[in-house]
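In what follows, a single structure is set out as structure tokens and then discussed.
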Amino acid sequence: MAVAIITGASKGLGRALAGALAARGWDLVLDARGEGALKEAAGAVAGHGTRVVALAGDVTDAGHRSALVTAARRLGGVDLLVHNASALGAEPLVPLAELPLDGLRRALEVNTVAALGLVQEALPALRAAAGAVITVSSDAAVEAYPDWGGYGASKAALDHLAAVLAEEEPGLRVWAVDPGDMATGLYAAAVPLDDDPRPAPESVAPAFLRLLEERPGSGRYTAGALLERR
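Numbering follows numbering that gives the first Met the number 0, in which position 128 of the sequence shown is assigned residue number 127; successive positions increment by one, without gaps.
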């Protein structure tokens, strides 16, 4: 049975991915900071008959990252690592002139530093499985949007880490995926006055499944392009 670690899995895209993988027989190790929401999400996906371990904690904590990988090893290994946990840096978003530096540090720690730390922790198991790493990117990593500077910078750094990891670990698949706009709590916190309808995360999950089914080369992909080719 394949095993995946998914961070930020209590809601939004992380929860949607957990459900989609569970429906296909994957065993899961799920992370989020909120214990109650994480337990509820884990219970929902466990209904598919998959084994689910839910560990609440902060991905910036090295001990928590180690616990996630240990749990996955107990289930059989690490075939997939999805770094979905994200921090905005400010809620709601603000211009760079007003961005608290502690907020920028938090975005970098969660979105970039923790991602590399978790990869480092899981790398022996990923190598053994010839596994895959998915980092959840954003169009803010490649486009200059007002107010999105801190978040976008952290995601741009994450994209570059993913690209370099792919070069250094040719036995793995390393995919940076821009899911596009979605109706998530993160987006609502970023731009609370924007009430335009957006796709549900569940509608984006099939793009990630396509990567796992077809295993194209490492690189940066957009969910929109992956869905169009289905």
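Ideal Cβ placement from N, Cα and C applies to all residues, glycine included.
No experiment lies behind these values; they were computed from the predicted model shown.
Taking the alpha-carbon of residue i as reference, which of the options has the nearest alpha-carbon?
i    : options                   : result
G102 : T111, E90 and H63         : E90
G130 : A19, A71 and V112         : A71
P169 : P215, L87 and A8          : P215
P205 : R197, Y186 and L225       : L225
G88  : A53, Y186, S65 and D26    : Y186
A188 : D60, A143, E120 and W147  : W147
L115 : L20, V176, T59 and E166   : T59
A41  : L16, A121 and R219        : L16
E108 : G24, L157, L164 and G11   : L157
L27  : G151, S136, V52 and L100  : V52
D195 : F207, E201, D180 and R209 : D180
A21  : G151, P191 and A3         : A3
Label residue i either buried or exposed according to how many other C-beta atoms from any shown protein chain fall within 10 Å of its C-beta, with 16 as the threshold for buried.
i    : result
G298 : Past the boundaries of the shown model lies residue 298; the chain is included only from 0 to 229, so the question cannot be answered.
E142 : exposed
R23  : exposed
L164 : buried
A161 : buried
Mind checking whether residue i and residue j have CB atoms under 8 Å apart?
i    : j    : result
L79  : V118 : no
A55  : L37  : yes
S153 : A199 : no
G76  : A124 : yes
G13  : N83  : yes
A31  : A1   : no
V173 : S217 : yes
Any beta carbon from chain E within less than 8 Å of residue i's own beta carbon?
i    : result
S136 : Structure shown: chain E not included; a single protein chain is present.
Helix or strand or just coil, what does DSSP make of residue i?
i    : result
L171 : coil
V112 : helix
Y144 : coil
V28  : strand
R14  : helix
G218 : strand
A3   : strand
L54  : strand
Which ranges does the alpha helix (DSSP H) cover as unbroken runs of at least 4 residues, wholly within the segment 59-110, from first to last along the chain?
If only uninterrupted alpha helix (DSSP H) runs of at least 4 residues are considered, those enclosed by the segment 59-110 are 61-74 and 100-107.
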